[in-house]
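First up is the structure itself, then whatever we jot down about it.
There are 2 protein chains.
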Amino acid sequence: MPEVKSRRGEYTEATRRALLDAAADLFTERGFARTSLDDVAAVARVTKGAIYHHFSSKPGLFEALFEELERTENGAARAAFEAEEDPTVGALAALDQFLLACSEPVYGALVFREAPLALGWDAWRLCEEKYSYALLSDMLDAMTAAGRIPAHRGEALTSIAFGMLGAAGQLLARTRAEDRERVRGECRAPFVALLAGLAITE
Amino acid sequence: MPEVKSRRGEYTEATRRALLDAAADLFTERGFARTSLDDVAAVARVTKGAIYHHFSSKPGLFEALFEELERTENGAARAAFEAEEDPTVGALAALDQFLLACSEPVYGALVFREAPLALGWDAWRLCEEKYSYALLSDMLDAMTAAGRIPAHRGEALTSIAFGMLGAAGQLLARTRAEDRERVRGECRAPFVALLAGLAITE
DNA sequence: GTCAGTCACATACTCCGAGTATGTCTCTGA
DNA sequence: TCAGAGACATACTCGGAGTATGTGACTGAC
Chain A
1 MPEVKSRRGE YTEATRRALL DAAADLFTER GFARTSLDDV AAVARVTKGA IYHHFSSKPG
61 LFEALFEELE RTENGAARAA FEAEEDPTVG ALAALDQFLL ACSEPVYGAL VFREAPLALG
121 WDAWRLCEEK YSYALLSDML DAMTAAGRIP AHRGEALTSI AFGMLGAAGQ LLARTRAEDR
181 ERVRGECRAP FVALLAGLAI TE
Chain B
1 MPEVKSRRGE YTEATRRALL DAAADLFTER GFARTSLDDV AAVARVTKGA IYHHFSSKPG
61 LFEALFEELE RTENGAARAA FEAEEDPTVG ALAALDQFLL ACSEPVYGAL VFREAPLALG
121 WDAWRLCEEK YSYALLSDML DAMTAAGRIP AHRGEALTSI AFGMLGAAGQ LLARTRAEDR
181 ERVRGECRAP FVALLAGLAI TE
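Those sequence lines, one after another, are chains A and B. Counting with the UniProt record's numbering, you get residues 1 to 202 for the letters of the first sequence. Counting with the UniProt record's numbering, you get residues 1 to 202 for the letters of the second sequence.
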């Protein structure tokens with residue numbers, strides 16, 4: 001039976017949240033490299049000891065943030081994909097959801113701008129294997145199965161399409177709020193064109 | 001009249017070269033973040049003082065390397081583009097030249113894998129404004145002028161296509177030598193598809 | 001009720017590496 | 001020949017990540 005968490009447990013969860021929130025703010029504004037752990041601790045009104053109690057390292061803190069963001073945002077994109085019968089339609093729906101998420105100030109900035117700098121390319125890719133990269137791969141598989149994409153595509157298409165997503169995410173993350181809607185539209189075009197081109201390239 | 005450089009000048013140019021070569025090796029193998037300037041100096045058989053005499057900082061050293069690489073490799077790609085009459089044919093020729101350059105062990109690893117980590121996204125983009133990014137932009141302009149691409153494209157297409165180049169470059173940089181030729185072929189397909197898709201998307 | 005043990009941090013430290021300040025030797029030009 | 005500058009080497013500072021240790025609060029066993 002799920003007994004209420006002890007008072008102690010509540011408090012520690014509160015500081016963990018405070019640390020994640022502070023890190024999200026600072027990493028988004030100043031960037032990962034230019035924020036020290038002392039800064040994060042100060043904003044969360046604790047000390048560095050608290051950080052190393054809850055997280056393994058500075059990249060570890062970032063990764064926890066990353067996981068949290070991807071779990072919700074990428075889940076929404078996957079839901080948008082799976083809601084559609086046609087994989088191409090679903091992929092474009094997921095793309096729209098993705099572009100929308102990147103328009104929100106934190107997601108794109110952290111997951112596609114800061115993450116490679118904070119974790120390095122390999123670790124980043126490894127993290128993404130569970131989220132955006134996996135979703136992209138699944139969508140391409142579904143489109144292949146539906147005959148919308150040449151059957152014998154290699155790993156390159158997935159990597160390159162993922163690069164497109166990253167570029168779009170970064171672009172939106174640095175776009176002023178008033179221009180984001182227009183830029184989202186412009187970002188959509190290359191993906192549509194790519195799918196159209198793949199459909200006629202056998 | 002271009003008098004011979006003094007003995008002094010020859011020596012200093014030699015150490016500068018040794019530093020750049022050592023940095024190229026270490027940055028390629030261990031990565032920018034995991035190599036200290038003392039390491040670079042040791043391989044070049046000098047000390048850190050020599051580095052700061054020739055370069056402004058650690059990113060400054062990297063940037064000098066970057067410029068040197070792009071000057072030659074990107075020049076070849078641009079030449080390949082300009083040698084063709086048809087802009088689409090020229091763009092694909094430049095792409096092939098680019099993919100070939102990224103198959104060589106240093107170029108792709110430094111310019112597309114390490115550079116964003118070493119310089120940060122903004123500074124990297126600023127450096128690339130003179131080279132790959134500029135070439136890409138010029139090629140898209142030429143194709144637009146030739147009616148191969150919708151006229152009112154925004155900045156997004158350039159950014160996203162540049163993201164594709166980066167992804168392809170990184171992929172080739174981490175591909176084993178024996179697989180590179182096959183992967184180059186796979187990398188070509190998405191670009192061809194994109195251009196084909198843009199041509200029919202008005 | 002108390003006491004051992006553990007959790008959730010705070011405090012105080014180490015260590016590494018980028019950047020700086022300064023010294024030294026050599027070459028050059030007046 | 002001597003003043004100056006160029007080309008480094010040496011010795012330092014300093015910031016920040018990571019570590020070791022201390023401490024108070026809570027909890028669970030007896």
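The beta-carbon is built from N, C-alpha and C at its ideal position, and this holds for glycine as well. In this text, all values refer to a predicted model and were calculated from it rather than measured experimentally.
With DSSP as the reference, label E178/A as helix, strand or coil.
The answer is helix: DSSP assigns E178/A an H, G or I state.
Using a Cβ cut-off of 7 Å, which residues of the segment 175-186 of chain B contact any Cβ in chain A, in chain order?
Those residues of the segment 175-186 of chain B that come within reach of chain A (Cβ to Cβ, closer than 7 Å) are V183 and E186.
Could you tell me the distance, in whole angstroms, from the CA atom of A18/A to the CA atom of L37/A?
The alpha-carbon atoms of A18/A and L37/A are separated by roughly 13 Å.
With a threshold of 7 Å between beta-carbons, can A193/A be considered close to chain B, or not?
Yes - at least one Cβ of chain B is within 7 Å of the one on A193/A.
Using only alpha-carbon positions, find the residue among T88/B, S57/B, L100/B and T28/B that is nearest to G185/B.
That would be L100/B, whose Cα lies nearest to the Cα of G185/B.
How should E73/A be labelled, buried or exposed, when 16 other C-beta atoms within 10 angstroms of its C-beta is the threshold for buried?
Flag for E73/A reads buried.
Along chain B, in chain order, which residues have C-beta atoms closer than 9 Å to that of Q170/A?
By Cβ distance, chain B contributes W121, S159 and G163.
What is the C-beta distance between T28/A and L119/A, in whole angstroms, given that I count them as a contact (C-beta under 8 Å)?
Their Cβ separation, rounded to whole angstroms, is 16 Å, which puts T28/A and L119/A out of contact at 8 Å.
Flag A94/A as yes if its beta-carbon sits less than 7 Å from any beta-carbon of chain B, otherwise no.
Judged by the 7 Å Cβ criterion, A94/A is not in contact with chain B.
Report yes or no: do the segment 155-165 of chain B and the segment 186-199 of chain A share at least 3 C-beta pairs separated by less than 8 Å?
At 8 Å Cβ cutoff, the stretches touch.
Please list, in chain order, the chain B residues whose beta carbon lies closer than 8 Å to that of T201/A.
What T201/A touches in chain B: A189, V192, A193 and A196.
Consider the Cβ of G166/B: report whether some Cβ of chain A lies at a distance smaller than 7 Å.
Chain A, which has a Cβ nearer than 7 Å to the Cβ of G166/B, makes this yes.
Going by alpha carbons, who is nearest to A146/B out of G31/B, E63/B and D86/B?
Of the listed residues, the one whose Cα sits closest to A146/B is D86/B.
Can you pull the chain A residues whose beta carbon is under 9 Å from the beta carbon of G154/B, in chain order?
Residues of chain A passing the Cβ test: R182, V183, G185, E186, C187 and A189.
Could you name the residues of the segment 103-128 of chain B whose beta carbon sits closer than 8 Å to any beta carbon of chain A, in the order they occur along the chain?
So the close ones are R113, P116, L117, G120 and W121.
Suppose you measure from the CA of L126/B to the CA of A193/B; what does that come to, to the nearest Å?
Each residue's Cα considered, the two are about 28 Å apart.
Please name the residue in R34/B, A94/B, R113/B and A41/B whose C-alpha comes closest to that of Q170/B.
When only C-alpha atoms are compared, the closest one is R113/B.
On the three-pair Cβ rule with 8 Å, is the segment 33-47 of chain A touching the segment 63-82 of chain A?
The answer is no - the segment 63-82 of chain A does not touch the segment 33-47 of chain A, with fewer than three Cβ pairs under 8 Å.
With H, G and I counted as helix, E and B as strand and the rest as coil, what does DSSP make of R125/B?
Of the three classes helix, strand and coil, the one that applies to R125/B here is helix, per DSSP.
Does the distance from the C-beta atom of A91/A to that of A80/A stay below 7 Å?
Not in contact: A91/A and A80/A (Cβ atoms no closer than 7 Å).
If you draw a straight line from the alpha carbon of F62/B to that of R78/B, how long is it in whole angstroms?
Looking at the two C-alpha atoms, the distance is approximately 23 Å.
Please report the straight-line C-alpha distance between M164/A and G166/B, rounded to a whole angstrom.
M164/A and G166/B: Cα-Cα distance of roughly 9 Å.
Rounded to whole angstroms, what's the CA-CA distance from A14/B to S103/B? Just pull it up for me.
So the alpha carbons of these two residues sit roughly 28 Å apart.
Quick check: the Cα distance between E178/B and V106/A, rounded to an integer number of angstroms?
If I take the Cα positions, the gap works out to 41 Å.
What would DSSP say about P116/B, mapped onto helix, strand or coil?
Three-state DSSP puts P116/B in a helix.
Under three-state DSSP, which class holds F32/A?
Residue state, collapsed to three classes: coil.
So, for L95/A: in the same chain, excluding its five sequence neighbours on each side, which residues have a beta-carbon less than 7 Å away from its beta-carbon?
For L95/A, where only same-chain residues beyond five positions count, the Cβ hits under 7 Å are R188 and F191.
Pick out whichever of A199/B, M143/B and S57/B has its Cα sitting closest to the Cα of E84/B.
Closest by alpha carbon: M143/B.
Since R78/B is in the alpha helix (DSSP H), which residue starts that stretch and which ends it?
Its alpha helix (DSSP H) spans residues K58 to E82.
If you compare alpha carbons, which of K58/B, K130/B and M139/B is closest to L26/B?
Nearest option by C-alpha distance: K58/B.
Among A123/B, D122/B and L195/B, whose alpha-carbon lies nearest the alpha-carbon of L140/B?
Answer by Cα proximity: L195/B.
Straight-line CA distance for residue 259/B to T35/B?
What is shown of chain B runs 1 to 202, which leaves residue 259/B out entirely.
Just how far apart, CA to CA, sit G49/A and S56/A?
Between G49/A and S56/A, the C-alpha separation is close to 11 Å.
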